[in-house]
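The numbering of the sequence shown is the numbering used here, which starts it at 127 and goes up by one. Using N, Cα and C, we set each Cβ at its ideal position, and we do this for glycine too.
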Amino acid sequence: SHNFCKCGRELMKSFTKCARFYHGNGLMSAMDCADFNTMQTYLRNLDLEALGAVWDKLVGGMCEKARRKGDDMCLDAVFEGLKEVADMVGGTIEDFSQWDDGSEKEMRQLEERCDRLFGPLRAFIDAGDDEVDMETINETHQDYWTMTLNRTSAFMDNLYCKWPCKKDRGSLFPCCMKRMLNDDSLYLHLE
Numbered sequence: 127s128h129n130f131c132k133c134g135r136e137l138m139k140s141f142t143k144c145a146r147f148y149h150g151n152g153l154m155s156a157m158d159c160a161d162f163n164t165m166q167t168y169l170r171n172l173d174l175e176a177l178g179a180v181w182d183k184l185v186g187g188m189c190e191k192a193r194r195k196g197d198d199m200c201l202d203a204v205f206e207g208l209k210e211v212a213d214m215v216g217g218t219i220e221d222f223s224q225w226d227d228g229s230e231k232e233m234r235q236l237e238e239r240c241d242r243l244f245g246p247l248r249a250f251i252d253a254g255d256d257e258v259d260m261e262t263i264n265e266t267h268q269d270y271w272t273m274t275l276n277r278t279s280a281f282m283d284n285l286y287c288k289w290p291c292k293k294d295r296g297s298l299f300p301c302c303m304k305r306m307l308n309d310d311s312l313y314l315h316l317e
């Protein structure tokens with residue numbers, strides 16, 4: 127049974143509902159630490175009810191029944207996706223020296239494999255701007271963030287959209303997680 131779904135929600139609810147009543151002196155004597163008065167002030171001034179609402183939405187979304195066969199709930203599908211990513215990362219690490227030291231033909235063959243991350247890595251490298259001036263980056267950070275986002279976009283586009291690997295990587299971002307993150311009410315509590 128998944129007690130996380132019920133107990134995780136109840137634990138966070140009790141923490142966020144009681145936070146403004148925490149007594150700093152009691153915490154200080156219980157933990158023998160002088161910074162608990164500061165912590166008490168933070169706990170009273172933060173909007174922990176909004177944090178609790180976000181947690182409740184996230185856990186509720188993770189615990190909803192998955193629509194894909196074989197998964198009991200969304201959390202199972204997320205762990206399956208994480209396992210698949212871990213396998214891809216492990217295989218990429220094992221073959222990295224072969225890719226790094228190999229000929230152009232060997233590199234391309236490894237980049238075409240769907241069970242490794244060499245294709246997305248190549249897209250990430252190729253999307254970089256070699257002419258970015260480091261002094262400008264230190265002054266404004268705009269070029270740095272533009273380059274980083276362009277590279278990340280190229281990596282993810284290759285990972286999720288490049289044929290023929292697209293269908294093999296469908297479980298990396300389960301539909302239930304997509305539905306949960308598309309819920310605008312989740313972000314209203316973060317503002």
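Residue i to residue j, Cα distance in whole Å?
| i | j | result |
| --- | --- | --- |
| residue 173 | residue 273 | 35 Å |
| residue 218 | residue 251 | 15 Å |
| residue 278 | residue 287 | 14 Å |
| residue 298 | residue 222 | 22 Å |
| residue 175 | residue 308 | 21 Å |
| residue 357 | residue 171 | For the chain, the structure presents residues 127 to 317; residue 357 sits outside this window and is missing. |
| residue 301 | residue 254 | 31 Å |
| residue 205 | residue 199 | 10 Å |
| residue 241 | residue 140 | 43 Å |
Check residue i in the structure and name its three-state DSSP category.
| i | result |
| --- | --- |
| residue 288 | coil |
Output needed for residue i: all residues of its chain with C-beta closer than 6 Å, excluding positions within five of it in sequence on either side, in chain order.
| i | result |
| --- | --- |
| residue 237 | 244, 245, 248 |
| residue 183 | 312 |
Which residues mark the beginning and the end of the alpha helix (DSSP H) in which residue i is found?
| i | result |
| --- | --- |
| residue 203 | 200 to 227 |
Excluding sequence positions up to five away, which residues of its chain have a Cβ less than 7 Å from the Cβ of residue i?
| i | result |
| --- | --- |
| residue 233 | 225 |
Which residues in the same chain as residue i place their Cβ atom closer than 8 Å to its Cβ, once the five residues preceding and following it in sequence are excluded?
| i | result |
| --- | --- |
| residue 135 | 181, 182, 185, 186 |
Check whether the segment 127 to 139 touches the segment 176 to 194, counting contact only when three or more Cβ pairs, one atom from each stretch, lie closer than 8 Å. Judged by Cβ distances under 8 Å, the segment 127 to 139 makes contact with the segment 176 to 194, as three or more pairs qualify.
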